[in-house]
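What follows is one structure encoded as structure tokens, with my remarks underneath.
Chains as they are written, first to last, in my numbering: chain A, -2 to 233; chain B, 5 to 112.
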């Protein structure tokens, strides 16, 4: 079957994500736009993963779990895991190294953790857009240490990318790169994915990654990346 | 100017290489793509970007030394890279502004 994956999405926990981006709204919007494999990737935390997992189960959409970690170079990196627990623990490790800068919701937007019923159960006090203490290389090791996928985000974008921060893609053990089609950066023969980076429900699935597999899930995604069978697509 | 001439003023901790290293000038930036585009050969690189990619960029622009500010922790991969590229690696508790000011005055 053809699997259509959107692997970069922000919920209401990311300060830049709309409050309407509850895990339930995300799963529903994904199902509606024909996405059958979904990842939640909030900035530097995976605390909305439990609600996201429940919402995806209810919608019948397969899910992988992760976050968008910020390296010390201020490069964004997608970290995707098979198991909720790995995502949450990795997210907590990243969050612990963020500088102790108090979040100001009035200025930067809300950072709310919600439960399966969409009730707000917590707000995260540290500003999530800050950089973690770990370099790109160190993040890669931590992600692989938990069996995850290490994917530099929007590598050809003009901000928070390897292109904007470093000017090049350093040699490392990436599983793929996410491209948005802006700048020119050499990524060799690495598999290229596309994703919506949605911050509002209407954007979910506007870019996605397709591949063939027996069924949507982490194993099928990993195999498609290793075998370079992924196709980035954009909705016209 | 030798790095050793400003070692005390900056409170430099030399982590790798020799303080006899000559610097012609310095460039201050935390954006490595900017360093790559604008630093000159012989400049010391003043930055808080403490990781191995900083070494790669310093090597690319022929910067002989990297000064890591604000006592940022330096991962082993950075020290290894500096060793490999023969770049002097040092650290100070002063920030980028203070280090730049001291080196600017010393070079005048």
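Using N, Cα and C, we set each Cβ at its ideal position, and we do this for glycine too.
Can you check whether the C-beta of residue i is within less than 7 Å of a C-beta belonging to chain B?
{"i": "residue 149 (chain A)", "result": "no"}
{"i": "residue 96 (chain A)", "result": "no"}
{"i": "residue 67 (chain A)", "result": "no"}
{"i": "residue 219 (chain A)", "result": "no"}
{"i": "residue 184 (chain A)", "result": "no"}
{"i": "residue 213 (chain A)", "result": "no"}
{"i": "residue 163 (chain A)", "result": "yes"}
{"i": "residue 156 (chain A)", "result": "no"}
{"i": "residue 167 (chain A)", "result": "yes"}
{"i": "residue 132 (chain A)", "result": "yes"}
Beta-carbon separation of residue i and residue j under 7 Å?
{"i": "residue 136 (chain A)", "j": "residue 66 (chain A)", "result": "yes"}
{"i": "residue 81 (chain A)", "j": "residue 46 (chain A)", "result": "yes"}
{"i": "residue 148 (chain A)", "j": "residue 95 (chain A)", "result": "no"}
{"i": "residue 159 (chain A)", "j": "residue 152 (chain A)", "result": "yes"}
{"i": "residue 78 (chain A)", "j": "residue 142 (chain A)", "result": "no"}
{"i": "residue 39 (chain A)", "j": "residue 68 (chain A)", "result": "no"}
{"i": "residue 24 (chain B)", "j": "residue 45 (chain B)", "result": "no"}
{"i": "residue 118 (chain A)", "j": "residue 215 (chain A)", "result": "no"}
{"i": "residue 5 (chain A)", "j": "residue 194 (chain A)", "result": "yes"}
{"i": "residue 18 (chain A)", "j": "residue 9 (chain A)", "result": "yes"}
{"i": "residue 57 (chain B)", "j": "residue 81 (chain B)", "result": "no"}
{"i": "residue 48 (chain A)", "j": "residue 113 (chain A)", "result": "yes"}
Helix or strand or just coil, what does DSSP make of residue i?
{"i": "residue 157 (chain A)", "result": "coil"}
{"i": "residue 165 (chain A)", "result": "coil"}
{"i": "residue 88 (chain A)", "result": "helix"}
{"i": "residue 141 (chain A)", "result": "helix"}
{"i": "residue 54 (chain A)", "result": "helix"}
{"i": "residue 3 (chain A)", "result": "strand"}
{"i": "residue 6 (chain B)", "result": "strand"}
{"i": "residue 19 (chain B)", "result": "strand"}
{"i": "residue 12 (chain B)", "result": "helix"}
{"i": "residue 95 (chain B)", "result": "strand"}
{"i": "residue 42 (chain A)", "result": "coil"}
{"i": "residue 26 (chain B)", "result": "strand"}
{"i": "residue 93 (chain A)", "result": "helix"}
{"i": "residue 213 (chain A)", "result": "coil"}
{"i": "residue 83 (chain A)", "result": "helix"}
{"i": "residue 37 (chain A)", "result": "strand"}
{"i": "residue 77 (chain A)", "result": "strand"}
Taking only beta-carbon atoms, is residue i less than 7 Å away from chain A?
{"i": "residue 57 (chain B)", "result": "yes"}
{"i": "residue 36 (chain B)", "result": "yes"}
{"i": "residue 5 (chain B)", "result": "no"}
{"i": "residue 63 (chain B)", "result": "no"}
{"i": "residue 2 (chain B)", "result": "Examination of residue 2 (chain B) is not possible in this model, given that chain B is present from 5 through 112 alone."}
{"i": "residue 81 (chain B)", "result": "yes"}
Between the options, which has its C-alpha nearest residue i's C-alpha?
{"i": "residue 73 (chain B)", "options": "B:37, B:64, B:18", "result": "B:18"}
{"i": "residue 27 (chain A)", "options": "A:80, A:1, A:175", "result": "A:1"}
{"i": "residue 34 (chain A)", "options": "A:52, A:119, A:18, A:17", "result": "A:52"}
{"i": "residue 93 (chain A)", "options": "A:128, A:55, A:36, A:178", "result": "A:128"}
{"i": "residue 20 (chain A)", "options": "A:105, A:206, A:54", "result": "A:54"}
{"i": "residue 122 (chain A)", "options": "A:116, A:222, A:41", "result": "A:41"}
{"i": "residue 7 (chain B)", "options": "B:101, B:95, B:100", "result": "B:95"}
{"i": "residue 112 (chain B)", "options": "B:21, B:11, B:15, B:28", "result": "B:28"}
{"i": "residue 104 (chain A)", "options": "A:200, A:13, A:228, A:64", "result": "A:13"}
{"i": "residue 42 (chain B)", "options": "A:164, A:130, A:64, A:116", "result": "A:164"}
{"i": "residue 177 (chain A)", "options": "A:192, A:188, A:171, A:166", "result": "A:192"}
{"i": "residue 26 (chain B)", "options": "B:9, B:13, B:103", "result": "B:9"}
{"i": "residue 228 (chain A)", "options": "A:221, A:206, A:162", "result": "A:206"}
{"i": "residue 30 (chain A)", "options": "A:222, A:172, A:15, A:203", "result": "A:203"}
Take residue i and list the residues in its own chain whose beta-carbon comes closer than 6 Å to its own, dropping the five residues that flank it on each side.
{"i": "residue 30 (chain B)", "result": "47, 48, 50, 107"}
{"i": "residue 34 (chain B)", "result": "51, 52, 53"}
{"i": "residue 24 (chain A)", "result": "52, 53, 56, 58"}
{"i": "residue 179 (chain A)", "result": "153, 154"}
{"i": "residue 93 (chain B)", "result": "19, 20, 70, 86"}
Between residue i and the rest of its own chain, which residues show a CB-CB distance below 8 Å, the 5 nearest in sequence each way excluded?
{"i": "residue 60 (chain B)", "result": "85, 89"}
{"i": "residue 157 (chain A)", "result": "67, 71, 72, 73, 150, 151"}
{"i": "residue 22 (chain A)", "result": "198"}
{"i": "residue 101 (chain A)", "result": "124"}
{"i": "residue 104 (chain B)", "result": "30, 32, 50"}
Which residues in the same chain as residue i place their Cβ atom closer than 7 Å to its Cβ, once the five residues preceding and following it in sequence are excluded?
{"i": "residue 226 (chain A)", "result": "208, 209"}
{"i": "residue 11 (chain B)", "result": "23"}
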